[in-house]
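In the working numbering, each residue carries its 1-based index in the sequence shown increased by 3. A quick write-up on the structure given underneath.
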Amino acid sequence: MKLAVIGDTHLGTKWGTPREGDSFDQAEEALRRAVEEGADLILLLGDLFDTRSPRPEVWARAMRIFTLPRMGRGRMRLVEVLGKEEGEISPLSLQGVPVVALHGNHESRTEGLKNPVEVLEAAGMLIHLHRESVVFEGPGGRVAVHGMSHVPERYSKGFLQTWDPRPVRDAFNVLMLHQSLGRYVFSAEETAGLSPEELPRGFDLYLCGHVHYRAESTAWGRPLLFPGSTERTQLLPVEASSRKGFYLVEGERYRFVELETPRDFFYEEVDAEGGEVSSLERRVRERVEALLSGERKNRGKLPLIRLKLKGKLGKGRKGDLDDISLVEEFSGRALLVVSKEDLSSPQEEARREVLERLRDVRSLEEMTLRLLEKQLAELGYSYGLEAGSLCTLMMEGKEEEVEQKVRAFVRRMVEAELEGER
Ligand SMILES: [Mn+2]
């Protein structure tokens, strides 16, 4: 029995740009090749679409792609459904090569509203799982697919625990999720609510979407696979160094099938090295020319080149660097994405310092407190009068109490002065 495992396809991403066809080309290739390779079941790990309400143009292209497995040669029979009402499963989705899918964070909608993956289910294109399981039987035996669609990271552990999926006896058990998992996260800003050690044990294969780069790990001694997205969405260095594709799994064995449709992607960092804007622009041009004349895999599409400019300009402002003209200049030969966030200049540096100092003072209350502390320190008498508590009292509107404290403080101060004179 052969399973095809496809990660986030993000259909419709980059709509209205020269890259708007990419997500469709790659999803189409993945599904078509899964069918051609003889997959008995296709598993989609969520974020099929880039948005929760795709436009009709995206739907039209998506429908043609999801029709492909319906026309494949199917050998699987649905034998059991757990947690799901059988009426939700269209007989059409059991024809050809069945597709079982999760929805991802990009498709999540409020409870009670239909998300686009559920719409595909209603159209008989696939079976949608959210804390539910389906069991199929084919020539190679039984396979039980257990799936939890995306939930906010802080709930993932709890939702998984209350669902409490159990492996089905005498079947090859697959557990699929769309979450960050331990050190496998979508981005550095995200913290996983669940780690691979916290996954329930006893499954033969663990699959996870959401993470956009391909990764392989283990959970309870079994493979834990992250096929990664079929489309490049983040343009990070990790996406430049890894290929896009999907997994074919047969029992204990699995292999990664590389896609041929993705355009080449290069990630380059160019340091200003204290030079002028014109010299940085010249170095950017040289770097792009070198990439364009170098080794390429897909010459049928313009390559995507992300240029991360960094370091400090000797003079001028980074606004002087005309990235729009650069993008234009190469538009017939490459798709350039220029990021200037990590580039700085003497002027911008000074402005950043002021902003940082302002950020230090987090609120008006804090500013008041600082002033009060400073003035008390200048008086040289700190005992009996603590700026923090005075400030709190004032904020709470207890001016009378503040006045009493200050009076008592002044009295003690005067007494101390007199004491000293005696
Ligand atoms: Mn995604």
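Even glycine gets a Cβ: it sits at the ideal position worked out from N, Cα and C.
For residue i, is the classification buried or exposed, using 16 other Cβ atoms within 10 angstroms of its Cβ as the cut-off for buried?
i, result
"residue 370", "exposed"
"residue 92", "buried"
"residue 285", "exposed"
"residue 194", "exposed"
"residue 79", "buried"
"residue 209", "buried"
"residue 431", "This structure gives no information on residue 431, because the portion of the chain shown stretches from 4 to 425."
"residue 224", "exposed"
"residue 308", "buried"
"residue 158", "exposed"
"residue 57", "buried"
"residue 327", "exposed"
"residue 32", "buried"
"residue 275", "buried"
"residue 74", "exposed"
"residue 100", "buried"
"residue 413", "exposed"
"residue 241", "exposed"
"residue 221", "exposed"
"residue 325", "exposed"
"residue 150", "buried"
"residue 288", "exposed"
"residue 361", "exposed"
"residue 105", "buried"
"residue 291", "buried"
"residue 230", "buried"
"residue 196", "buried"
Hey, could you find the ends of the alpha helix (DSSP H) residue i is sitting in?
i, result
"residue 171", "Here residue 171 belongs to no alpha helix (DSSP H), and DSSP marks it neither H nor E."
"residue 287", "280-296"
"residue 325", "Premise fails: residue 325 is in no alpha helix (DSSP H) and is neither H nor E."
"residue 160", "156-166"
"residue 66", "59-70"
"residue 39", "25-39"
"residue 398", "390-398"
"residue 243", "240-244"
"residue 121", "119-125"
Tell me whether residue i counts as near ligand 1, meaning its Cβ is closer than 6 Å to at least one heavy atom of that ligand.
i, result
"residue 25", "no"
"residue 11", "yes"
"residue 274", "no"
"residue 50", "yes"
Residue i and residue j look like a contact to me (Cβ under 8 Å); what is the Cβ gap, rounded to whole Å?
i, j, result
"residue 46", "residue 103", "5 Å"
"residue 320", "residue 351", "6 Å"
"residue 266", "residue 304", "4 Å"
"residue 310", "residue 339", "6 Å"
"residue 206", "residue 252", "Not really, about 13 Å apart at Cβ, beyond 8 Å."
"residue 228", "residue 8", "6 Å"
"residue 346", "residue 322", "Rounded, the Cβ-Cβ distance is 10 Å, inconsistent with contact."
"residue 216", "residue 243", "Not really, about 10 Å apart at Cβ, beyond 8 Å."
"residue 283", "residue 312", "7 Å"
"residue 429", "residue 124", "Since the first residue shown for the chain is 4 and the last is 425, residue 429 is missing from the structure and cannot be characterised."
"residue 375", "residue 393", "6 Å"
"residue 213", "residue 153", "7 Å"
"residue 160", "residue 201", "6 Å"
"residue 95", "residue 181", "With 8 Å as the limit, residue 95 and residue 181 do not qualify as a contact, their Cβ atoms being about 24 Å apart."
"residue 71", "residue 34", "5 Å"
Please confirm if residue i has its CB atom under 7 Å from at least one CB of chain B.
i, result
"residue 112", "Given the protein chain composition of this structure (a single chain), no chain B is represented."
What residue range is occupied by the uninterrupted beta strand (DSSP E) comprising residue i?
i, result
"residue 80", "80-85"
"residue 218", "218-222"
"residue 136", "135-141"
"residue 7", "6-9"
"residue 73", "Careful: residue 73 lies outside any beta strand (DSSP E) and carries neither H nor E."
"residue 226", "225-229"
"residue 260", "256-261"
"residue 149", "144-151"
"residue 249", "248-253"
"residue 346", "338-347"
"residue 272", "268-274"
"residue 314", "307-315"
"residue 104", "102-104"
Quiz item: Per the contact definition of three or more C-beta pairs closer than 8 Å, is the segment 240-248 in contact with the segment 259-275?
Solution: yes
Exercise. Inspect the CB distances between the segment 66-74 and the segment 166-175 and report whether three or more fall short of 8 Å.
Key: no
Quiz item: Contact between the segment 116-125 and the segment 50-59: three or more CB pairs below 8 Å?
Solution: Output reads yes: the segment 50-59 touches the segment 116-125.
Quiz item: So does the segment 70-86 actually touch the segment 139-147, counting three or more Cβ pairs closer than 8 Å?
Solution: yes
Quiz prompt | the segment 7-14 in contact with the segment 215-234 per 3-pair CB rule at 8 Å | solution = yes
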